[in-house]
Amino acid sequence: LKVGDFAVAKPNPLAKSTSMSSAENLGEPGAKSAENGTSPRSTSAFVTCEGFLAQLQDDTKTWQDRWFVLAENRLLYSKRPKDKKPKGVIVLTNESIVQLCAEEFEVMEKSGKNKQIKKQFTFVVKENNSSHFFQAKNNDERSSWLNSIRTNIGLCPPSS
Numbered sequence: 703l704k705v706g707d708f709a710v711a712k713p714n715p716l717a718k719s720t721s722m723s724s725a726e727n728l729g730e731p732g733a734k735s736a737e738n739g740t741s742p743r744s745t746s747a748f749v750t751c752e753g754f755l756a757q758l759q760d761d762t763k764t765w766q767d768r769w770f771v772l773a774e775n776r777l778l779y780s781k782r783p784k785d786k787k788p789k790g791v792i793v794l795t796n797e798s799i800v801q802l803c804a805e806e807f808e809v810m811e812k813s814g815k816n817k818q819i820k821k822q823f824t825f826v827v828k829e830n831n832s833s834h835f836f837q838a839k840n841n842d843e844r845s846s847w848l849n850s851i852r853t854n855i856g857l858c859p860p861s862s
């Protein structure tokens, strides 16, 4: 992959899914607690990727480590894997774009000034009028997230 590469992935019927426990911990819609003896949420919401990523905060332009769970067309995040409710949700559509970032790039602060960012292993998810910047720990981890997100975008229904 090269800086600036982007694609909308084609559906991958052979994509592997992982444990749904973290998605349940994040309080996804339809999740039910195993503590009260009810069955887990519908298996139609597969978790395809989960783990820590650094996320660029919109308001402060600082990086925060967050636990992310990619489930269907949602990228949920919290501070820790065991958190019961997500801190936030990024909804992916078939129009979402995923791109690699250069090791040096600029983001606009609320004041209108550009801020120079120097980070390795970064990528951006663009949807509607928002850009969400992430940093993985290494290139393999970044590639794994990019491929998983692109696959999930390819599975989103067309916009009406």
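Anchor point for the sequence shown: position 135 equals 837 in the working numbering, and the numbering is continuous, going up by one each time. Note that CB positions come from ideal geometry on N, CA and C, so glycine has one too. Computed from a predicted structure; not experimentally measured.
Point to revise | DSSP-derived helix/strand/coil call for P742 | key: Confidence in P742 is poor, its pLDDT being 26 and thus under 50, which makes the residue's placement unreliable; the coordinate value appears in the next sentence. DSSP places P742 in coil when its eight states are reduced to three.
Practice item. Report back the beta-carbon spacing between L755 and R768 to the nearest angstrom; my notes put them in contact at under 8 Å. Key: By a beta-carbon distance limit of 8 Å, L755 contacts R768. Their separation comes to about 6 Å.
Point to revise | Rounded C-alpha distance that separates L778 from G814 | key: 28 Å
Review point. If K828 sits next to I799, beta carbons under 8 Å apart, how far is it from one beta carbon to the other, in whole angstroms?
Key: Yes, they are in contact, since the Cβ atoms of K828 and I799 sit about 4 Å apart, within 8 Å.
Exercise for review: Using beta-carbon positions only, say whether F924 and L758 come within less than 9 Å of one another.
Suggested key: A question about residue 924 goes unanswered here, because the residues of the chain that appear run from 703 up to 862.
Point to revise | Three-state secondary structure assigned by DSSP to L777 | key: strand
Check your understanding: In its own chain, which residues sit with a C-beta less than 7 Å from the C-beta of R844, not counting the 5 before and 5 after it?
Key -> F823, F825, A838
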